[in-house]
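Read in this note's numbering, the sequence shown has 437 at position 450, and its numbers run on one by one without any break.
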Amino acid sequence: MSPVLAGVLQLLALMAALALAYVPLGNYLARVYSSPKHLRIEKWIYKGIGADPDTEMRWPAYLRGVLAFSVAGVLFLYLLQRLQGVLPGSLGFASIDPDQAFNTAASFVANTNWQSYYGEQAMGHVVQTAGLAVQNFVSAAVGIAVAVALVRGFARSRTGEVGNFWADLVRGVVRVLVPIAVVGAVILVACGVIQNFSGIHEVGQFTGGAQQWNGGAVASQEVIKELGTNGGGYFNANSAHPFENPTPFTNLFEIFLILLIPVALTRTFGVMTGSVRQGYAILATMATIWLSFVALMMWTEFAHHGPALQAAGGAMEGKEVRFGIGGSSIFAVSTTLTSTGAVDSFHSSYTGLGGGITMLGMMLGEIAPGGVGSGLYGMLVMAVIAVFIAGLMVGRTPEYLGKKIGTREIKFAACYILITPALVLVFTAAAMALPTPGDSMTNGGAHGFSEILYAYTSASNNNGSAFAGLNADTQWFNTTLGLAMLLGRFLPMVFVLALAGSLARQQPVPTTKGTLRTEKPLFSGLLVGAVLIITGLTYFPALALGPLAEGLA
């Protein structure tokens, strides 16, 4: 079987699996966040944290809940790392330095999972399981909760209430993430992913001496790392490590986990707003962008330029032989078009244009299908922008799902889409202008610039993947990337929740012959164009200095 055919068959199998799960999971999520009933274990949790799950919140109260919970998470994870040296199960590892502890705490709470450390050489079992794995669950649940709050803003009228954050958070963990993660972890263990609490031991004799490996609860962390679009690996090699991702089947299964909830949430959106066709329109937009990126990535990596690439069947440098170019390309696109950050290949070793595709996927805002929750609310914000543009073109007050998009709503949407580009470009410019940060670059020229541009793009968009080649474990990068992750996560949420509250207060506008039909293919095409033009062109000058210059050289 040719490598190209193998890649296409993997793509078709993945799409079929997602199609089978789309309706049942999407409907289930809608029931979870609409049900007035609480499970017994949920009641215990509410009692323990002192929350009343039946009290509806306006958007400022909902936002305060998001921020208070996240601040507590940052403090807890920071202290856990700083105390690692005296904790049991530390495997003899010392406490984490302050700047790296801040970076890691900000990273995992912000659902970014950027790692400036070697997991198997720095973090013991307690920090990995009680700290990092727990944040993988709750940070994903926060993202879903904010997305559901925005959906309620479209679905409700004449009220400023968007739900209860504590109920949405607990339900996301208890009813959604934990059950799927348990099943997924069993599948991964059955396929060879390790799950233990063994210590450090030597394995075999190699040139230069024996190699030291440590075990860990890898399968349980790997499944939520992908399912929650987190991305932080137990080992430095991440999903390229055979302990995390041993076979082509587990590779495809992990891609399926990455895309599962973001895709299904479009169905949830349609069900909760009373029009499943609206959900299909959003899904079609996401699918168009995702498939286009996969096709472009495969084309750039399979192109046979030179005898070495012809002999290997494509650009195999930096890719695992067991996955091949097809599986690696699908994984790279899926992880950068979502906020996952997991990698099964070396993005820095991709062709110049291939590396640019991974960067552009993050720069679009990771909305195709995007992160758990963040992909849906990011695409809905872009839909608001697209409706506004359409209204300007025909001279009509824009409407979306029966809600008028006025000055207030468009300001919230505009602020949302400006935050991450500002963070990326300002921090990248500062790093290139100052003398010290440039010392962390392994390469010079366009590729070296791409290393820094990728790092801040990954952090500000809460992705977490690394271009590699950049030594990010310095005080400058640990601090600035940590700030970029926190600002890139929570500032957009402010405007999303404000938009949700503004929409929920409105009275529905009746549909007329002049109303833009947002469930039609025409609107999906307009939305794709808005995404590419508004967000993509924002970064074009920076891309021209990095991956485009390298790819055209």
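The beta-carbon is built from N, C-alpha and C at its ideal position, and this holds for glycine as well.
Check                                                                                                                                                                    : Outcome
For Gln71, name the three-state secondary structure that DSSP assigns.                                                                                                   : helix
Tell me whether His188 sits in a helix, a strand or coil according to DSSP, three-state version.                                                                         : strand
Does the separation of the CB atoms of Pro356 and Thr255 fall below 9 Å?                                                                                                 : no
Taking the beta strand (DSSP E) that Val149 falls in, what are its first and last residues?                                                                              : Glu148 to Gly150
Among the residues of its own chain, which have a CB less than 6 Å from the CB of Thr12, if the five just before and after it don't count?                               : The displayed chain sequence assigns Leu, not Thr, to residue 12. Cβ within range, chain order: Ala251.
Could you pull the start and end residues of the alpha helix (DSSP H) that Glu537 belongs to?                                                                            : Pro534 to Leu539
Is the segment 172 to 179 touching the segment 236 to 248, taking contact as three or more C-beta pairs under 8 Å?                                                       : yes
Determine the DSSP secondary structure at Gln494, reduced to helix, strand or coil.                                                                                      : coil
Suppose you measure from the CA of Gly377 to the CA of Gly512; what does that come to, to the nearest Å?                                                                 : It should be noted that the sequence gives Ala, not Gly, for residue 377. C-alpha separation (whole angstroms): 12 Å.
Please report the distance separating the alpha-carbon of Leu(-1) from that of Ser279.                                                                                   : 14 Å
Can you tell me whether Asn225 is buried or exposed? The criterion is at least 16 other CB atoms within 10 Å of its CB, across all chains shown.                         : buried
Report yes or no: do the segment 43 to 58 and the segment 142 to 150 share at least 3 C-beta pairs separated by less than 8 Å?                                           : yes
What residues match up with Lys306 in a beta bridge as DSSP calls it?                                                                                                    : Ser332
Take the Cβ of Ile404 as the centre, count every other Cβ of all protein chains shown within 10 Å, and call the residue buried at 16 or more, exposed below.             : buried
Residue range of the alpha helix (DSSP H) that Thr275 falls in?                                                                                                          : Val263 to Phe289
Going by Cα to Cα distance, which pick from Ala329, Ser321, Phe333 and Val281 is closest to Met303?                                                                      : Phe333
Between Gly72, Glu209, Ala93 and Gly501, which has its C-alpha nearest Thr466's C-alpha?                                                                                 : Ala93
Looking at Gly348 and Thr384, is the spacing between their C-beta atoms short of 9 Å?                                                                                    : no
Do Gly362 and Ser316 have their C-beta atoms closer together than 9 Å?                                                                                                   : no
Measure how close the beta-carbons of Gly79 and His112 come, nearest whole angstrom, since I'm counting them as under 8 Å.                                               : Going by Cβ atoms, the distance from Gly79 to His112 rounds to 11 Å, so no, they are not a contact pair.
Identify which residue in Val160, Ser427 and Thr234 has its Cα closest to the Cα of Gly623.                                                                              : This structure cannot speak to residue 623, because the chain is shown only from -12 to 540.
Using only the alpha-carbon positions, how far apart do Lys391 and Leu247 sit?                                                                                           : 32 Å
Given Ala206, which residues of its chain have a CB within under 6 Å of its CB, disregarding the five upstream and five downstream residues?                             : Ala172, Leu175, Val176, Val180 and Gln182
Which residue marks the beginning of the alpha helix (DSSP H) containing Pro356, and which one marks its end?                                                            : Unbroken run through Pro356: none, as it is neither H nor E.
Can you tell me whether Asn201 is helix, strand or coil according to DSSP?                                                                                               : strand
Would you tell me roughly how many angstroms separate the C-alpha atoms of Ile167 and Val330, rounded to the nearest one?                                                : 21 Å
Evaluate Trp153 with the Cβ neighbour count: other Cβ atoms within 10 Å of its Cβ, from every protein chain shown; 16 or more gives buried, anything less gives exposed. : buried
Alpha carbon to alpha carbon, what distance is there between Pro534 and Val161?                                                                                          : 42 Å
Indicate the three-state DSSP secondary structure (helix, strand or coil) for Leu513 in the structure shown.                                                             : helix
So, at 7 Å on beta carbons, what are the nonlocal neighbours of Thr444 in its own chain, with the 5 sequence-adjacent residues on each side left out?                    : Met346, Met349, Met350 and Val411
Quickly, what does DSSP pair Lys391 with across the bridge? List them, please.                                                                                           : Glu386
So, helix, strand or coil for Arg45, using DSSP?                                                                                                                         : strand
Tell me, to the nearest whole angstrom, how far the beta carbon of Ile354 is from that of Met273; I am working on the premise that it is less than 8 Å.                  : 7 Å
Helix, strand or coil for Met428, going by three-state DSSP, please let me know.                                                                                         : strand
Taking Cβ positions, are Thr91 and Ser103 nearer each other than 9 Å?                                                                                                    : yes
What is the C-beta distance between Val156 and Ala132, in whole angstroms, given that I count them as a contact (C-beta under 8 Å)?                                      : The question names Val, yet the displayed sequence has Leu at residue 156. About 5 Å separates the two Cβ atoms, so the contact holds.
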